[in-house]
Amino acid sequence: MSSFFSFLKRVYNAASPLTAAPLPDSKPIKFGILGAAAIAPDAIINPAKSHPEAVVYAVAARDIRRAEAYAKKYGIEKVYGGPNGYQELLDDPEIEAIYNPLPNGLHYEWTMKALLAGKHVLLEKPSSNTAEETRKMFELAESKGLVLLEAFHYRFHPAIQRAKAILDSGELGKIKSISTTFMLHAGFTSADDIRFKFDLGGGAMMDMGTYTLNCIRYLASANPVSVLSASAEIHAPSPLIDRRTTATLELSNDIIGTLTCDLAIPWRFIPPLPSISAKVECEGGTLEVYNYVMPTWYHSIMVTKRGGAKRVEKAYKYATKGTKGEDWWMTYRYQLEAFVDRLKGRTPQTWLDKEDAIANMEWIEKVYEKSGLGVRPKSEYVAP
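Numbering (full-length UniProt numbering), first residue to last: 1 to 384.
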């Protein structure tokens, strides 16, 4: 019963965070959002409320009325709209950092433009449609002394870090295989969702598949060396869009990785349960993580040693004394903490670097090539 009340408390506090008072000796970083995106309230707006050094200051949308309604709903001070709205937001001297949740196919163009405007960027995953675009964005950020972060928010949460710490400790011996899933039932995405549009970089592997691949690489502390197999189930209206992808990868250190992602598992009689898990087979036992993507709601880390001994762990906040975090902090809130730390010249608790982002995109491309669907179209934008 206590765990149920703890769950309710976490949900309430995460959904309705208390607004933090600004720090007297640190000016809050003003963020601008490109697009009135549905993900932004969870990803940046709510997390910023409880962060004393962050404020969502502006939003831009192609439709000024939509931007105005969005700003009114979420208490955002500045609004930009119309055909030049995105660029006008980037040109605002008050804004220091940009959150870019635009469709995948627009990530490259508007991240490059944000960097050229001198803004730091928190960029939704996947970073772009191609590894070459990802490389160019990070090179530009480095040349201008700006921070660019691909928003794999789950990596900042104590749950996945605890799972990796168990594996790294050697308690279970050498890793033999890792299997990850991220699958949701039909109804989560509508038939005309942008995730199903090829020109915008759609497809299951470009959405949920980014997590499954990243999680394999993270837990293994290794990159793939080849794609052994990849198959896709097509989203009927488009022959190049995968509704579901399954792939088997060979990683360095003789590890086999298997991933499955699905944007819309078909119903039978009732909607199927989401599948968001990672299972690691080791020489000395197994480790299973349930709900590694959104662990604040609920998660479990099950360790089973060879011979049958089992234990279940949970990690809603860090065990290390002095490490910032609350049990109700969403993955996005932990991520914002790290991003602001980096902008303020502090050392973040954890970080994802350029090499991580490029490698993830390279192997997404290789999975698509192996499946026969081919890589997503590169942007037509040419940076000056």
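Heads up, the beta-carbon is just placed ideally off N, CA and C, and yes, glycines get one too.
> Can you list, in chain order, the residues of its chain whose CB lies under 7 Å from that of Arg135, leaving out five sequence neighbours each side?
Replying inline: Answer for Arg135: Ile358, listed in chain order.
> Tell me which same chain residues have a C-beta within less than 6 Å of the C-beta of Ser277, skipping the five on either side of it?
Replying inline: Beyond the five residues adjoining it in sequence on each side, Ser277 comes within less than 6 Å, by CB distance, of Thr181, Tyr290 in the same chain, given in chain order.
> DSSP puts Ser127 in a beta bridge; with which residues?
Replying inline: Partner(s): none; Ser127 has no beta bridge.
> Can the beta-carbon of Ala247 be found less than 7 Å from the beta-carbon of Ala230?
Replying inline: The answer is yes: Cβ separation under 7 Å.
> From residue 385 to Asn84, what distance separates their C-alpha atoms?
Replying inline: The structure shown does not extend to residue 385, since the chain spans only 1 to 384, so no value can be given for it.
>> For Met183, which residues in the same chain have their Cβ closer than 6 Å to its Cβ, ignoring the five residues on either side in sequence?
In response: Excluding sequence neighbours, Met183 sits near Asp262, Ile265, Ser275.
>> For Asp254, count the other beta carbons within 10 Å of its own beta carbon; 16 or more makes it buried, fewer makes it exposed. Which is it?
In response: Exposed.
>> Short of 6 Å in beta carbon distance, which residues of its chain neighbour Gly257, apart from the five on each side in sequence? Order them along the chain.
In response: Around Gly257, the same chain offers Ile178, Ile216, Leu249, Leu251 as residues with beta carbons nearer than 6 Å, after the five sequence neighbours per side are excluded.
>> With three or more C-beta pairs closer than 8 Å as the rule, is the stretch 161-170 touching the stretch 325-334?
In response: No contact exists between the stretch 325-334 and the stretch 161-170.
> Where do the N-terminal and C-terminal ends of the alpha helix (DSSP H) with Ile64 fall, by residue?
Replying inline: Segment 64-74, the alpha helix (DSSP H) holding Ile64.
> The alpha helix (DSSP H) spanning Asn104 covers which residue range?
Replying inline: Its alpha helix (DSSP H) spans residues 104-116.
> In or out: Lys30 buried (at least 16 other Cβ within 10 Å) or exposed?
Replying inline: Flag for Lys30 reads buried.
>> Using DSSP's beta-bridge definition, name the partner residues of Tyr99.
In response: Answer is Ile33, Leu122, bridged to Tyr99.
> For the candidate residues His299, Pro22, Ile364, Leu23, whose alpha-carbon lies nearest to that of Arg162?
Replying inline: Between Arg162 and the set His299, Pro22, Ile364, Leu23, the nearest pair of CA atoms involves His299.
>> Comparing C-alpha positions only, which one of Tyr12, Leu116, Ala319 sits nearest to Met137?
In response: Of Tyr12, Leu116, Ala319, the residue nearest in Cα terms is Leu116.
>> Would Ile98 and Lys119 qualify as a contact pair, given that the criterion is a beta-carbon distance under 7 Å?
In response: The answer is yes: Cβ separation under 7 Å.
> Should Ala67 and Val59 be called a contact, given that it needs their Cβ atoms to be closer than 7 Å?
Replying inline: In contact: Ala67 and Val59 (Cβ atoms closer than 7 Å).
> In whole angstroms, what separates the C-alpha of Trp351 from that of His153?
Replying inline: For Trp351 and His153, the distance between alpha carbons rounds to 10 Å.
> If you draw a straight line from the C-alpha of Thr19 to the C-alpha of Tyr80, how long is it?
Replying inline: For Thr19 and Tyr80, the distance between alpha carbons rounds to 25 Å.
>> If you follow the beta strand (DSSP E) that Ala60 is in, where does it begin and where does it stop?
In response: Where Ala60 is concerned, the enclosing beta strand (DSSP E) stretches over 54-61.
> Can you check whether the CB of Asn129 is closer than 7 Å to the CB of Lys378?
Replying inline: Yes, they are a contact pair.
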